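Below you'll find the structure, written out as structure tokens, and then a few comments.
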Amino acid sequence: MRDHLYRKNEIVRVTIEDMTGDGEGIGHVDGYTLFVKDAVIGDEIRARITKAKKNYGYARIEEVLVSSDARVPARCPKARSCGGCRLQELDYAEQLKFKESLVRRNLERIGGFSDIPMEPIIGMEEPWRYRNKAQYPVGYSKKDGRILAGYYAGRTHSIIDIRDCALSPSENADILDTVVRFAGEFGIPPYDEENGQGIIRHVLVREGFISGEILVCLVINADTLPQAENLVDRLLALPMEGKCIKSVCLNINMKRTNVILGERTVRLFGDPWITDYLGEYSFRISPQSFYQVNPVQTVKLYETAVSFAELTGRETVFDLFCGIGTISHFLAAKAKEVCGVEIVPQAIEDAKANAERNGIGNVKFFAAAAEDVAERGYFDRENPLVRPDVIVLDPPRKGCEESLLKTIRKLGPDRVVYVSCDSATLARDLKILCMKSEDGSQEASYEIRRVRPCDMFPHSTHVETVCLLTHT
265 MRDHLYRKNE IVRVTIEDMT GDGEGIGHVD GYTLFVKDAV IGDEIRARIT KAKKNYGYAR
325 IEEVLVSSDA RVPARCPKAR SCGGCRLQEL DYAEQLKFKE SLVRRNLERI GGFSDIPMEP
385 IIGMEEPWRY RNKAQYPVGY SKKDGRILAG YYAGRTHSII DIRDCALSPS ENADILDTVV
445 RFAGEFGIPP YDEENGQGII RHVLVREGFI SGEILVCLVI NADTLPQAEN LVDRLLALPM
505 EGKCIKSVCL NINMKRTNVI LGERTVRLFG DPWITDYLGE YSFRISPQSF YQVNPVQTVK
565 LYETAVSFAE LTGRETVFDL FCGIGTISHF LAAKAKEVCG VEIVPQAIED AKANAERNGI
625 GNVKFFAAAA EDVAERGYFD RENPLVRPDV IVLDPPRKGC EESLLKTIRK LGPDRVVYVS
685 CDSATLARDL KILCMKSEDG SQEASYEIRR VRPCDMFPHS THVETVCLLT HT
């Protein structure tokens, strides 16, 4: 039994032995577990306990006594306060090892799997300036009343004033500066979450890395933006060095909610979308479109998924959670037919337009919930559901509904390719897909054949994973 009772504000000396899935360092003092923000494996530190429970506590670094060999200087001076780059002080090669280990541990602990057929993680040659989308909250400084624009501090809605994020294109800083100066000069107040007053809520910037086209969208708590034409003129006058602002629009969100985008978008300049390329395919991207934020790694991710699907040209493939049809395009090049399903109607309209633009004739898109489509047995009355040879899943972070997983087992495709952005929910879902069928059951049972992580989000704790499942 431990003699000492650790308390808040107590200073302890601890060596960091591991890291959590959220990027916190893990150390032990006399058997007492401490989770320490911004610490990396191998650090020896003095830490101040910020919250003390009976058997574990949380702490922050007071002093790094002995730096880990894996510790590197952060490129961004606000990396510790910002909630985005929790691994920026960890050497990138070590980040990849950490993420590979994270996927394996979740599959073992949550899924109950052993002897996992892990393949090396796909990393980036240049893990900076990779984000083609950024959403910047706008607000007031409580200290001096200045207008702030940047990112939220970790686990809060306090805005850190960051104009030039090291993960986003450098021109985003000029766009943010322009919006902030415009709001200040014309007295257009930022939104206040506490009272629901104010106008400018967020600035959303999307960039086509191949096309060079930029979309700027202001999310506002009003029907109109005062002096909107003046803002457009200022944005179009910015030097873009070979790139250009092709679209400026407003998104109307007057609800008291933390959801960023509202349902209505108003064009101020250009079309309400931009165009970009993944591989040989072009895609129309609007403010609401789901489009992977790292185009370099997205191509690698999709090529991995297609490779795992082992297509010969004779297969019918279901692409569930298809978004604007990006994975569907890559699958269609190798399959007989692809059926894409997505619950967001606007995404399906974009998917159809993208397929037509790219001359893809062997893909169909349907607006429906994936679990509903599979459960009721048809897409619509004119398109009866056929048995798929391969199902590709790319669900949101929460994973799949259990009803969908059970229906997949009933459909019994030869192969299931699961593309996941959260290895914890992936492990949970794979456990259901790989359960042994009961005696007399017609449900298929699967086993994991291949697993490969892909680092879509360097310097964050997130990692994508592609899994191939086949019949047992």
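If you read the sequence shown in the numbering used here, its first letter stands for residue 265, the second for the next number, and so on.
Glycine is no exception: its CB is placed at the ideal position from the N, C-alpha and C atoms.
All of these numbers come straight from a predicted model, not from anything done at the bench.
{"query": "So what does DSSP say about Lys301, is it helix, strand or coil?", "result": "strand"}
{"query": "Between the beta-carbon of Gly604 and the beta-carbon of Ala615, is there less than 8 Å?", "result": "yes"}
{"query": "Does the separation of the CB atoms of Arg393 and Pro337 fall below 8 Å?", "result": "no"}
{"query": "For Ile385, report the span of its beta strand (DSSP E) as first-last.", "result": "Premise fails: Ile385 is in no beta strand (DSSP E) and is neither H nor E."}
{"query": "Is the separation between the beta-carbon of Gln399 and that of His466 shorter than 8 Å?", "result": "yes"}
{"query": "In or out: Thr729 buried (at least 16 other Cβ within 10 Å) or exposed?", "result": "buried"}
{"query": "With three or more C-beta pairs closer than 8 Å as the rule, is the stretch 374-382 touching the stretch 714-728?", "result": "yes"}
{"query": "Over what stretch of residues does the alpha helix (DSSP H) that includes His593 continue unbroken?", "result": "590-596"}
{"query": "What separation, rounded to the nearest whole angstrom, lies between the Cα atoms of Cys731 and Arg679?", "result": "10 Å"}
{"query": "Would Gln481 and Cys340 be called neighbours here (beta carbons separated by less than 8 Å)?", "result": "Looking at the sequence itself, residue 481 is Cys, so the reference to Gln does not match. Cβ atoms of Cys481 and Cys340: not closer than 8 Å."}
{"query": "Quick one: grab the DSSP three-state call for Tyr642.", "result": "For Tyr642, the predicted model reports a pLDDT of 49, less than 50, meaning its position is unreliable; a value from the coordinates is still stated below. Tyr642: strand per DSSP, three-state reduction."}
{"query": "Can you grab the Cα-Cα spacing for the pair Gly479 / Tyr296, in whole Å?", "result": "The amino acid occupying residue 479 in the given sequence is Leu; Gly does not appear at that position. Using only the alpha carbons, I get a separation of about 50 Å."}
{"query": "Counting only runs of 4+ residues fully inside the stretch 330-386, write out the alpha helix (DSSP H) ranges in chain order.", "result": "356-373"}
{"query": "From Pro536, Val654, Leu500, pick the residue whose C-alpha is nearest to that of Leu514; which is it?", "result": "Pro536"}
{"query": "How big is the Cα-Cα spacing for Arg395 and Asp294?", "result": "43 Å"}
{"query": "Would you call Val300 buried or exposed, if buried means 16 or more other Cβ atoms sit within 10 Å of its Cβ?", "result": "buried"}
{"query": "Taking only three categories from DSSP, how would you classify Asp456?", "result": "strand"}
{"query": "Measure from the alpha carbon of Ser709 to the alpha carbon of each residue in His735, Thr689, Leu690, Val727, then state which is nearest.", "result": "His735"}
{"query": "What does DSSP give as the partner residues of Ile549 in its beta bridges?", "result": "Ile538"}
{"query": "Count the other CB atoms, across all protein chains shown, that sit within 10 Å of the CB of Ile411; report buried if there are 16 or more and exposed otherwise.", "result": "buried"}
{"query": "Using 8 Å as the cut-off, can you tell me whether the stretch 525-535 makes contact with the stretch 566-579, which would need three or more C-beta pairs spanning the two stretches below that distance?", "result": "no"}
{"query": "Could you spell out the range, first to last residue, of the alpha helix (DSSP H) harbouring Glu477?", "result": "Unbroken run through Glu477 is the beta strand (DSSP E), 477-484; no alpha helix (DSSP H)."}
{"query": "Note the first and the last residue of the continuous alpha helix (DSSP H) segment covering Gln610.", "result": "609-621"}
{"query": "Is Val496 helix, strand or coil when you go by DSSP?", "result": "helix"}
{"query": "Is Pro717 helix, strand or coil when you go by DSSP?", "result": "strand"}
{"query": "Out of Gly451, Tyr416, Asn618, point me to the one whose CA is closest to Glu457's CA.", "result": "Tyr416"}
{"query": "Would you tell me roughly how many angstroms separate the C-alpha atoms of Ile418 and Lys342, rounded to the nearest one?", "result": "The sequence shown places Gly at residue 418, not Ile. Going from the Cα of Gly418 to the Cα of Lys342 covers about 11 Å."}
{"query": "Take the Cβ of Gly376 as the centre, count every other Cβ of all protein chains shown within 10 Å, and call the residue buried at 16 or more, exposed below.", "result": "exposed"}
{"query": "If you count every other CB in all the chains shown that lies within 10 Å of the CB of Ser378, and 16 or more means buried, which is it?", "result": "exposed"}
{"query": "Starting from Val727, trace the beta strand (DSSP E) both ways and give me its first and last residue.", "result": "Careful: Val727 lies outside any beta strand (DSSP E) and carries neither H nor E."}
{"query": "Beta-carbon within less than 7 Å of Leu440's beta-carbon, same chain only, minus the 5 sequence neighbours each way: which residues are those?", "result": "Tyr400, Ala413, Arg427, Val467"}
{"query": "For Asp286, count neighbouring Cβ atoms within 10 angstroms of its own Cβ and tell me buried if that reaches 16, exposed if not.", "result": "exposed"}
{"query": "Is it right to say Gly289 is buried, meaning 16 or more other beta carbons lie within 10 angstroms of its own, or is it exposed?", "result": "buried"}
{"query": "Does DSSP put Ile424 in a helix, in a strand, or in coil?", "result": "strand"}
{"query": "Please classify Glu326 as buried or exposed, where buried requires at least 16 neighbouring CB atoms within 10 angstroms.", "result": "exposed"}
{"query": "Which of the three DSSP states, helix, strand or coil, is assigned to Arg578?", "result": "coil"}
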